[in-house]
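Notes follow once the structure below has been shown.
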Amino acid sequence: MFSEISRLAGVSGTDWSWSALFADFDNDGYKDIFIGNGYPKAVNDLDYMAAAYSATRSGKTAVARRMLRDLPAYEFPNFVFRNNGDLTFTDKSKAWGIDQPGFSYGAAYADLNNDGKLDLVVNNINAPASVYENVLPTDDAHHYLEIRLEGEPHRKLSAAIGAQVVVTAGAKKQYFYSSPYRGFMSSMDDRIHVGLGNLAHVDTLEIDWPDGRRQVLANVVADRLLAVRQTDATKGPSFGPPANPTSTERWFEPEHFAGLAYKEPAAFQADFSVQPLLPYVISAHGPAIAAGDANGDGLDDIYIGGSAGLAGRLVIQRRDGSFAESNQGQPWETDKAFDDWAAVFFDANGDGRPDLYVASGSYMATSSSPLLQDRLYINQGNGRFVRDPSALPQMLTSKGTVRVGDFNGDGRPDLFVGGRLTPRRYPSPTRSYILRNDGNGHFTDVTQEVAPMLISPGGMVTDAAWIDFDGDGHLDLVTVGEWMPIRFLKNEGNRFADVTQSTGLPSTHGWWYSVATGDFDGDGRLDIVAGNLGLNYSYTTSKDTVFEVYAGNFTGNQTTDVVLAESVNGTSYSLSGMSPLGRAVYTAAIKFPTFGSFAAAPLAQLLSPEQLKEAIHYSADTFASVVLHNDGGGRFTMSRLPGASSYATLTVTADSISSSPAIFTTSSRICRGKTPAMACG
-8 MFSEISRLAG
2 VSGTDWSWSA
12 LFADFDNDGY
22 KDIFIGNGYP
32 KAVNDLDYMA
42 AAYSATRSGK
52 TAVARRMLRD
62 LPAYEFPNFV
72 FRNNGDLTFT
82 DKSKAWGIDQ
92 PGFSYGAAYA
102 DLNNDGKLDL
112 VVNNINAPAS
122 VYENVLPTDD
132 AHHYLEIRLE
142 GEPHRKLSAA
152 IGAQVVVTAG
162 AKKQYFYSSP
172 YRGFMSSMDD
182 RIHVGLGNLA
192 HVDTLEIDWP
202 DGRRQVLANV
212 VADRLLAVRQ
222 TDATKGPSFG
232 PPANPTSTER
242 WFEPEHFAGL
252 AYKEPAAFQA
262 DFSVQPLLPY
272 VISAHGPAIA
282 AGDANGDGLD
292 DIYIGGSAGL
302 AGRLVIQRRD
312 GSFAESNQGQ
322 PWETDKAFDD
332 WAAVFFDANG
342 DGRPDLYVAS
352 GSYMATSSSP
362 LLQDRLYINQ
372 GNGRFVRDPS
382 ALPQMLTSKG
392 TVRVGDFNGD
402 GRPDLFVGGR
412 LTPRRYPSPT
422 RSYILRNDGN
432 GHFTDVTQEV
442 APMLISPGGM
452 VTDAAWIDFD
462 GDGHLDLVTV
472 GEWMPIRFLK
482 NEGNRFADVT
492 QSTGLPSTHG
502 WWYSVATGDF
512 DGDGRLDIVA
522 GNLGLNYSYT
532 TSKDTVFEVY
542 AGNFTGNQTT
552 DVVLAESVNG
562 TSYSLSGMSP
572 LGRAVYTAAI
582 KFPTFGSFAA
592 APLAQLLSPE
602 QLKEAIHYSA
612 DTFASVVLHN
622 DGGGRFTMSR
632 LPGASSYATL
642 TVTADSISSS
652 PAIFTTSSRI
662 CRGKTPAMAC
672 G
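Given below as structure tokens:
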């Protein structure tokens, strides 16, 4: 699409700012990305930095200059990525003619020949600047509109800086902020360029000028330069909620509930003092939340779990929608040394009042600490709770989820309690539990009897769902977790069997954080939605790469060392460089004299065969959130959730064993719908 028409003789690059431009180069209504590439001297090479520093400190300046002169150059072509319109991009560098290698450190776009297509001027180091003419065809599929904002006569351009423009064409809105400046001492064409695709006119063009004046133009003909003058604008409301919003124009305001003020304690950074190479702060997971009608007034109340040293809270909902903290003399203060990692309201003893189960977890606790014991609080009526110390068996492990379900069909709610991890030994898993209810609110650990595979789960469980996934009338169990596949446990009446391999699903090892059920396609069978880490994250997988972790006592100091790795075509490489890895696993760093040799070495050269053999090893092959369509008979078909719902870490919640619409939460968005496509598509 681009043709290099000239190299500007005598114009050599001196701007050392790396360039990235966002502009609609193909006039389809979506902004594409241009990235300048190339590096003439790798002055941030760690081996060079160490050697040059040593030479300079020793007074060997000639040696330091020679090292700088001998530094390698990285001459690469630039990149241009086409916006596919769904937050994904396709590399079009070669197809569009951006394939000349060089050192490009600055770039600008402008419609140089006024043909309605953005051209490129690229500033090159040690070479003439390049000019690329946009030779996109002029046809009915590539309409455009160029807008020149003209301020007051005495301030023509400067008065337009900061103006906001919204272009509505068909079902698409495009927003522009008027400013020609990009990066350090750089500037673009001051005209606003709008790609329109196959639309030959703009429905509405709205301009908010910085001085508060506003104007709206309707039915604007495309394929021209439109001059809009500030003198023609009038005072009016700026962009905001319409006076009479229609069904397709819904605006939201944050809701502040009285009595629900809560500030999460500061992240517990001490995790890294135990295992310096953890992938994230495990202790900073937010409070456990449970909702239920604690006082029997027909309104849902909320329990907010506590953390070590901070007591939990029960807030009671009032008729006006506000909340007030319970003043019933609750036992939370007595138990504030516990760290609440999961909680749920349910009627444990069959008296018609919701009791409260709180699962204890911790990263910092010592093994078998009494603070890892779960607690059951019995509702005495009117929302007053008392802990029953004899209700639960001893459970001194770190848990992360609890789900209620009558797995044996006796009419009494039983429990699945998921083991999150072994404290201080990430990513070591811990056991999970099946707790059978005797009907009086006392529970027996029957895991070994009915589901022995949960004793060694092979991953860190984060969520679970009770669901009759094969339609045989028995409540089955689906579990998800970090470094785990989505796991299917079939209820055979008196015990569970792992039938994951017979579901027809491909490999699903990921970092799953949530799972929910519902009949999303209306066929009478319960489907499953599973929320994963997300695709827009620093940790990634692809068809050629797998994200991995190896963990073990690699240095003999009784600490579980963590090595995150990436397997490329079957060969694993450490994701940590020599400095961070060497501080934690010195035996891996001392084998290599330079940073470069360390970086090129596969993991099999960093760790010995014995260390690799004894290490905990997990892998993740997908970070996309998915919907599992129930095909009947315990068989499923998997499809990735569309759009933004697969990019951020996704939390899904829904009433288990119901056809209620699921609620999909992704980043700061909350979307509701009966199908994933309706929800977040």
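Be aware that the sequence shown starts at -8, since it is given in this note's numbering, and climbs by one per residue. No residue lacks a Cβ here, since even glycine has one placed at the ideal position from N, Cα and C.
For the 8 Å CB-CB criterion, A542 and P380 do not form a contact. In the three-state scheme derived from DSSP, where H, G and I count as helix and E and B as strand, D461 is classed as coil.
The beta carbon of N431 is closer than 7 Å to those of N340 in its chain, skipping five residues each way along the sequence. Beta-carbon to beta-carbon, A315 and R309 are separated by about 6 Å, close enough to satisfy the 8 Å threshold.
Per the DSSP secondary-structure output, F479 pairs in a beta bridge with V469. Fewer than three Cβ pairs drawn from the segment 586 to 606 and the segment 482 to 501 lie within less than 8 Å of each other, which leaves the two stretches out of contact. Taking 8 Å as the upper bound for CB-CB distance, I458 and A442 are not in contact here, some 15 Å apart. Taking every protein chain shown into account, the CB of P128 has fewer than 16 other CB atoms within 10 angstroms, so this residue is exposed. Remark: fewer than three beta-carbon pairs, one from each stretch, lie closer than 8 Å, so the segment 525 to 534 and the segment 394 to 409 are not flagged as touching. Where A521 is concerned, the enclosing beta strand (DSSP E) starts and stops at D518 to G522. Taking the Cβ atoms as the reference, Q206 lies roughly 6 Å from D223, within the contact range of under 8 Å. Closest in C-alpha terms to L136, from the list S178, L190, A118 and S95, comes L190. Distance from the CA of D130 to the CA of A98, rounded to the nearest whole angstrom, comes to 27 Å. In this structure, E473 is the residue among E473, T508, G513 and R516 with its C-alpha nearest to the C-alpha of G501. Taking C-beta separations shorter than 6 Å and ignoring five residues to either side along the sequence, the partners of R403 in its chain run N428 and G430, following chain order. Spatial neighbours of D292 in its own chain (CB-CB distance under 6 Å, excluding positions within 5 residues in sequence) are listed in chain order as A285, I307 and Q308. Around the C-beta of V71, 16 or more other C-beta atoms lie within 10 Å, and the residue is accordingly described as buried. With 16 or more neighbouring CB atoms inside 10 Å of its own CB, E539 falls in the buried class. Close CB contacts of P171 within its chain, under the 6 Å cut and outside five residues either way in sequence, are with S178, M179 and D181 (chain order). P119 carries a strand assignment under DSSP once its states are collapsed to helix, strand and coil. Apart from sequence neighbours up to five positions away, the residues of its chain that approach R422 with a beta-carbon distance below 8 Å are T388, G410, T438, L445, I446, S447 and P448, ordered along the chain. According to DSSP, residue pairing for E197 in a beta bridge involves V157 and V207. Take the alpha-carbon of M355 and the one of L524: they are about 24 Å apart. Following the DSSP letters along the chain, one finds V554 in no alpha helix (DSSP H) but inside the beta strand (DSSP E) bounded by residues D552 to V559. Annotated three-state conformation of S493 is helix, per DSSP. Positions of the alpha helix (DSSP H) runs, each at least 4 residues long and wholly inside the segment 536 to 600, are given as 569 to 575, 577 to 580, 586 to 591 and 594 to 597 in order along the chain.
S351 counts as buried, since at least 16 other C-beta atoms from the protein chains shown sit within 10 angstroms of its C-beta. With 16 or more neighbouring CB atoms inside 10 Å of its own CB, Q321 falls in the buried class. S49 sits exposed, since fewer than 16 C-beta atoms from the chains shown fall within 10 Å of its C-beta. K32 sits close to L59, with the two beta carbons spaced by under 8 Å. Following the DSSP letters along the chain, one finds E143 in no beta strand (DSSP E), marked with neither H nor E. In terms of Cα proximity to L363, the closest of K390, F337 and R378 is K390. Secondary structure of L62 (DSSP, three-state): coil. By the 16-neighbour rule on beta-carbons within 10 angstroms, V377 is exposed. Annotation for E316: no alpha helix (DSSP H) segment contains it, though the beta strand (DSSP E) segment containing it runs F314 to E316.
Straight through space, the alpha carbons of A556 and S567 are spaced by roughly 8 Å.
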